[in-house]
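Peer 1:
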């Protein structure tokens, strides 16, 4: 309801902390314009399907992607794209799609539609033919608009956690039913956090990992029980002077990957789910938004080493001391300039 107050701050913080970049070498507009893709807020009465983008740009932009198994979703300048089997196609254009996340079954995904001073959460099938609106936040009265962001699926696919300022000055943790948006309720985190950003649900469904703004100006990774009577209660796991964000739970529930800033660098890290054995996995100037492969053997992340944010992948192996290390970093996309705050999501 009062997102006008916190949205500029969060946006400025994200820019200052992580230098969100959109590179000059964007996906070619001529190819997108001729495709049959969604160009306005999706609705039940006007669904639009994706269309294959010509193969020449695919070969140019996705040079390393054919070695990856599974499917990726990402956004570029607010347009929604899917990658599979070495090919990319646009599912929706219009500069308004954000933060897609695959459902556990890989047949659906959730995403954020960003409008003028509001944002809403939608779920749709893999071809974007049947979008369903789960929140309705646009109002003719500006101060009645809401921001609904950072959707994350429960492991059984029945619920979606998200951040919303529906009844607060800043975004806090909420949950709703994925089928129709009912059952909406605020989750009391017990963190004394004044804002919540990225969210990741544990594979056993008992907890979520969040980027929680507890102090002044920075966020830390914390876990929050989704059952109010659960023990232990909420736990802050990190303590980085310049902040940590982007939590991502490993498929086996043992690890949480995240990004954090130390000095002039933002890198990807991993720790055990209880916060122990924290280790840096990348050593670059700018890397964020880690995403585990479906089998948990690799991590995808966005790195701006080439001047624009692109998808990179590393193999993740366990060291003799029980911690994790990353090996064989390799670039997947080239010259796209992905939207770093939306990250990348990976399914089978």
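Residue numbers (the working numbering): 152 to 499. Virtual Cβ for every residue (Gly too), placed ideally from N, Cα, C.
1. From residue 272 to residue 337, what does the alpha carbon distance come to, in whole angstroms?
2. Consult DSSP for residue 492 and reduce its assignment to one of helix, strand or coil.
3. Per DSSP, what kind of secondary structure is residue 390 in: helix, strand or coil?
4. Which whole-angstrom value is the C-beta distance of residue 354 and residue 302, which I expect to be below 8 Å?
5. Is DSSP giving residue 195 helix, strand or coil here?
6. Smallest Cα separation from residue 393: which of 387, 383, 369?
7. Taking the alpha-carbon of residue 270 as reference, which of 300, 261, 458 has the nearest alpha-carbon?
8. Does the Cβ of residue 262 have 16 or more other Cβ atoms within 10 Å, making it buried, or fewer, making it exposed?
9. Report, in whole angstroms, the separation of the C-beta atoms of residue 327 and residue 314, which I expect to be a contact under 8 Å.
10. Hey, could you find the ends of the beta strand (DSSP E) residue 328 is sitting in?
11. Between which two residues does the beta strand (DSSP E) carrying residue 460 extend?
12. Going by alpha carbons, who is nearest to residue 223 out of 373, 463, 480?
13. Let me check one thing: in DSSP terms, what residues is residue 352 bridge-paired to?
14. Classify residue 483: buried if its beta carbon has 16 or more other beta carbons within 10 angstroms, exposed otherwise.
15. Looking only at C-alpha atoms, which of 349, 380, 384 sits nearest to residue 372?
16. Output the distance between the C-alpha atoms of residue 421 and residue 441, rounded to the nearest integer angstrom.
17. Output the distance between the C-alpha atoms of residue 219 and residue 479, rounded to the nearest integer angstrom.
18. Roughly how many whole angstroms lie between the Cα atoms of residue 359 and residue 243?
19. Residues in the same chain with beta-carbon distance under 6 Å from residue 236, minus the five sequence neighbours each way, listed in chain order, please.
20. Counting only runs that start and end within the segment 400 to 488, where is the beta strand (DSSP E) found for 3 or more residues in a row?
21. May I have the straight-line CA-CA distance separating residue 375 from residue 234, to the nearest angstrom?
Peer 2: So, from the listed chains and residues:
1. 16 Å
2. helix
3. coil
4. Going by Cβ atoms, the distance from residue 354 to residue 302 rounds to 17 Å, so no, they are not a contact pair.
5. Because residue 195 sits at a pLDDT of 37, beneath the cut-off of 50, its placement in the model cannot be relied upon, and the following sentence gives the value as read from the coordinates. Residue state, collapsed to three classes: coil.
6. 369
7. 300
8. buried
9. Wrong, their Cβ atoms sit about 12 Å apart, outside the cutoff.
10. 323 to 328
11. Neither: residue 460 is in no beta strand (DSSP E) and is coded neither H nor E.
12. 463
13. 359
14. buried
15. 349
16. 9 Å
17. 14 Å
18. 29 Å
19. none
20. 406 to 413, 416 to 423, 438 to 443, 449 to 454, 461 to 469, 475 to 482
21. 32 Å
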